[in-house]
Amino acid sequence: MEWLPWARLNLHRNPFGELTPEERAELAVVDVDHLIEMLRQPMCAVQFIGQCGRGKTTRMLKLRSQLRESSYTYIPERPPCPPIGAGNPVLIDEAQRLSRTARHRVFASGCSLILATHRDLSRILRKYGYRVYTEHIGKGNSPQLVLELLNRRIEASRVQSGSIPQLSLADAEILVAEFGNDIRSMENELYAQFQQLLEIGTDGEV
Amino acid sequence: MAKCDLLVELDEPNRVYRSGDKVEGTVHVTVDADVKCSGLVLSTGWKTHGRGNVTSGKVDEVTVFSGEWVGGTKCEYRFSLTAGDWPQTYHGNFLSIDHYVEAQAKIPWAFDPQTATPFMVQATQVPSRYAAEVRVVHEKSRKPKVVGGVIVAVLLGVQFLAMGGIGIVVLLVLAALAFSYWFVRKFLPKHLLGTPHAFVEEDTLPPGSEVVGEFVATTKKTVTLNAITVVLKGTEVCISGSGSNRRTHKNVIFETTQTLQENATLKAGNETRCPFSFRLPKDAAYSISLKENSLIWSVDVEVDIPRWPDWSKNLPICIVPSAAQNIGTGKEQPGSATMGSAGQSRRGEDDSLVSAAQSPNDAGELTFEETIDQLWAVRSHRDQVEMVVDAVKGISFNLEAQIERRLLYAGDEDPNVYQDGYAVWARYPDPRLPLVLYVPHDLGDEFEQLGKGIWKGRGVVVGWDTLHGRLQIKLDSTC
């Protein structure tokens, strides 16, 4: 496949381009087993709180891929609020944007809930009788974790066995120092760096 | 858990495939323990990668094996699949498109291993099913600005008027700003230049051809200009994320500027004509519109007026394979070889299906199954879907649907939901076209007991849910 520009780096694409939701779920470095266990109990609500680009949606996608009976709804910035399917559990991304009616219908259903939100919804969830478990997303994005998840993305773009570009712990530390726990910004930066890598013709030193 | 490795090996990995070509090769399967496989599926298709949200399409699919693999063995299966004819393989900075042969082993109750091997496709023509989309991307850059502006203005107007005195003040300020913008950016330059006009003679061209156009103006009084410039530009436009995370990424892949006149004087009453022509690069990338990934070409004409707002005009052009020139412009010659061969057969089916549904006489005898088949065939073409749905709207059908899930919330805006009733997402059994069923209260128990089974009954088609791609059906409990 000499014609494929990325083949020189033993890759088939820029590893830091957009992924499909399925790929994002597959490549996520998150532990959700304890949440799945927790959600077996009735009237349980899990909420992920954090800023953009920290991994809330990635967790939601990972959970969705592991919970076959679940339903997933993304609430857009502008109304109208989209239809929300019943599921076990019901996953709602950007839950702080739920309209009053939609929120009432969903919370009154008694379904187990997983919410990704910028605003703490625990008070209102408790009003409906939910036991609420809150995870603040982004705080655990250490250089080690960043290293693992970014290298995993590179690995997922591999063409065949052999060497591929890899990030070192020092690279991850530099990224964390520059972008804090904002994984999306790190990915954007690395996308540009990998494009440069392709243009200047080095063999994989990031 | 058993390990199952797949490897797709193409017979000609460096070959350039064209419309109708067969991609042939072997898929190798290695398993370390006994594995039951419900289907080893090989498919061809394309996928975008880069800055934009991933868009993909399937071309051909075949199941080469189903059964049991014995642990420690290696198996090989030959395949021959049709290569895609559009879009062409493209590797840019923000946007890349690759065609793949994908192998997926369906393993019951386990993760399905899969692998993909890319191959190169060169498009020789734009298949008819994509021609409209390719052109639309060039025109939509203008229309939505006007339509969107009017919608936003009406919505904001109503909202501010409802706020009373402060709202009216804010509204007046916004109206004044909008008027100032129009006055400065549109009215003043046009007023000075009389009736400026810029055009390209042919807006659908193959790479290597010449873009010919002209700027024409007749001024009411003598005007001195700094310059009249024309820019030919190709841009990758990719959209990533959605909602508040939505970002548009633009990358100019080609840009060349011509100065038509410098320090020129346009004399009052005289018609000034400034012709221009550009030679397109021989390897110019084709215009592409794949949902959130586009490649757009345009000619931008700009008149730089000293101490006065500049006049500019954007002229979109389409770069297509040479055989596809004039596609979608309404200028096709009868019998000309302009459409992709693989696309022709599909398009032929699509057209006949749409026309069948358009006739009210035929629609009266149309079954639900036929309606579903028609929608399934055109499901990725919004205008054709709407045409079919309009034709069958209001018709009552005997139908069957496999229940997916009940909706906790059907949307405030949905007028089809029965009072005390609810909405259910379902699919037609085969083909699995998504449906929304509006269930009346008295059918509630029946649906509750049905779980995810197949419901049979009568319902009326009421519309199409564009957002989720679902046919909307209002159920009738009296039948």
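Sequence order for the protein chains is A and B. Under numbering that gives the first Met the number 0, the first residue of the first sequence is numbered 0, with each subsequent residue one higher. Under numbering that gives the first Met the number 0, the first residue of the second sequence is numbered 0, with each subsequent residue one higher. Glycine included, every Cβ here is placed at the ideal spot set by N, Cα and C.
Check: Which word fits Arg12 of chain A, buried or exposed, when buried means at least 16 other C-beta atoms lie within 10 angstroms of its C-beta?
Finding: It counts as buried.
Smallest Cα separation from Arg118 of chain A: which of A:Glu25, A:Gln46, A:Asn9? When each option's Cα is compared against that of Arg118 of chain A, the closest is A:Gln46.
inquiry  = Can you tell me whether Gly18 of chain B is helix, strand or coil according to DSSP?
reply    = Inspection of the sequence shows that residue 18 of chain B is occupied by Ser rather than by Gly. In the three-state reduction of the DSSP assignment, Ser18 of chain B falls in the coil class, being assigned neither a helical nor a strand state.
- Any beta-carbon of chain A closer than 9 Å to the one on Ser288 of chain B? With its beta carbon at least 9 Å from every one in chain A, Ser288 of chain B lies outside the interface.
- prompt: Rounded to a whole number of angstroms, what is the C-alpha to C-alpha distance between Glu75 of chain B and His27 of chain B?
  reply: So the alpha carbons of these two residues sit roughly 5 Å apart.
Original post:
Which two residues bound the contiguous alpha helix (DSSP H) that contains Thr56 of chain A?
Top reply: Annotation for Thr56 of chain A: the continuous alpha helix (DSSP H) segment containing it runs 55-65.
Item to check | 9 Å Cβ cutoff, Thr52 of chain A in contact with chain B | outcome: At residue 52 of chain A the sequence reads Gly, which differs from the Thr that was named. True, the Cβ-Cβ gap to chain B drops below 9 Å.
Discussion item. Tell me which residues share the same chain as Arg130 of chain A and place their Cβ nearer than 8 Å to its Cβ, disregarding the 5 neighbours each side in the sequence.
Written reply: Correct list, in chain order: Gln40, Met42, Cys43, Ala44.
Requested in this report: State yes or no: is the beta carbon of Val89 of chain A nearer than 9 Å to at least one beta carbon in chain B?
Outcome: By this cut-off, Val89 of chain A is an interface position.
Could you check where the alpha helix (DSSP H) with Gln124 of chain B kicks off and where it finishes? For Gln124 of chain B, there is no enclosing alpha helix (DSSP H), as DSSP marks it with neither H nor E.
query: In chain order, what residues of the same chain have a beta carbon less than 7 Å from the beta carbon of Gly52 of chain A, not counting five sequence neighbours either side?
result: Closer than 7 Å at the Cβ level, and outside the excluded window around Gly52 of chain A, lie Asp181, Ile182, Arg183, Ser184.
* To do: Since I believe Ala267 of chain B is in contact with Thr218 of chain B (beta carbons under 8 Å), could you give me their beta-carbon distance rounded to a whole number of angstroms?
  => For a cut-off of 8 Å, the C-beta gap from Thr218 of chain B to Ala267 of chain B is around 6 Å, short enough to register as a contact.
Checklist entry - When DSSP labels each residue in this structure, what does Asp202 of chain B get in the three-state scheme? => result Asp202 of chain B: coil per DSSP, three-state reduction.
Val230 of chain B versus Val251 of chain B - alpha carbon distance: Cα to Cα, Val230 of chain B sits roughly 12 Å from Val251 of chain B.
- Query: So does Ser160 of chain A have its beta carbon nearer than 8 Å to some heavy atom of the ligand ADP?
  - Reply: Absence of the ligand ADP is noted for the structure shown, with no ligands found whatsoever.
Legend entry - The beta strand (DSSP E) enclosing Lys249 of chain B, as first and last residue numbers: For Lys249 of chain B, the enclosing beta strand (DSSP E) has its first and last residue at 246-261.
Quick check on DSSP: helix, strand or coil for Asp32 of chain A? In the structure shown, Asp32 of chain A sits in a helix (DSSP, three-state: H, G or I).
From this set, B:Lys46, B:Arg77, B:Tyr417, which residue's C-alpha is nearest Gln87 of chain B's C-alpha? The residue among B:Lys46, B:Arg77, B:Tyr417 with its C-alpha nearest the C-alpha of Gln87 of chain B is B:Lys46.
Assumed close pair Thr116 of chain A, Ala85 of chain A - CB separation to whole angstroms, cut-off 8 Å
Your pair Thr116 of chain A and Ala85 of chain A does not check out as a contact, with CB atoms roughly 20 Å apart and the cut at 8 Å.
Min CB distance Ser530 of chain B to chain A below 9 Å: Nothing can be reported for residue 530 of chain B, as the shown portion of chain B is limited to 0 through 478.
Less than 9 Å between the C-beta atoms of Asn397 of chain B and Thr370 of chain B, yes or no? Between Asn397 of chain B and Thr370 of chain B, the C-beta spacing is not below 9 Å.
Ala101 of chain A touches chain B at which residues, Cβ-Cβ below 7 Å? Tyr408, listed in chain order.
Hey, does Asn13 of chain A have any beta-carbon neighbour from chain B nearer than 9 Å?
-> The beta carbon of Asn13 of chain A falls within 9 Å of a beta carbon belonging to chain B, placing the residue at that interface.
Problem - Inter-stretch contact (C-beta, 8 Å, three-pair minimum) for the stretch 62-70 of chain A and the stretch 152-171 of chain A - result: A contact between stretches requires three or more CB pairs, one per stretch, nearer than 8 Å, and the stretch 62-70 of chain A fails this requirement with the stretch 152-171 of chain A.
Taking buried to mean at least 16 other C-beta atoms within 10 Å of its own C-beta, is Trp310 of chain B buried or exposed?
In summary, Trp310 of chain B is buried, with 16 or more beta-carbon neighbours lying within 10 Å of its beta-carbon over all protein chains present.
> Does the beta-carbon of Tyr190 of chain A have 16 or more other beta-carbons within 10 angstroms, so that it is buried, or is it exposed?
Replying inline: Around the Cβ of Tyr190 of chain A, a 10 Å sphere holds 16 or more other Cβ atoms; the residue is buried.
task: Please work out which residues of its chain come closer than 6 Å, Cβ to Cβ, to Leu265 of chain B, disregarding the five sequence neighbours upstream and downstream, and give them in chain order.
output: Around Leu265 of chain B: Thr218, Val222, Thr271.
Against chain B: residues of the stretch 54-83 of chain A by CB proximity under 7 Å: Listed in sequence order: Ser70, Tyr73, Pro75, Glu76, Pro79, Cys80, Pro81, Pro82, Ile83.
Gln95 of chain A - containing beta strand (DSSP E), residue span
Secondary structure note for Gln95 of chain A: it is in no beta strand (DSSP E), with a DSSP letter that is neither H nor E.
Chain B residues whose Cβ lies nearer than 8 Å to that of Glu186 of chain A
Listed by position along chain B, the residues whose Cβ is nearer than 8 Å to that of Glu186 of chain A form an empty set, because the closest Cβ is around 10 Å away.
* Please report how far the alpha carbon of Pro20 of chain A lies from the alpha carbon of Leu60 of chain A, in whole angstroms. => Taking the straight line joining both Cα atoms gives about 7 Å.
**Prompt:** Whose CA, out of B:Phe277, B:Lys281, B:Arg246, lies closest to the CA of Thr256 of chain B?
**Reply:** Of the candidates B:Phe277, B:Lys281, B:Arg246, the one whose C-alpha sits nearest the C-alpha of Thr256 of chain B is B:Phe277.
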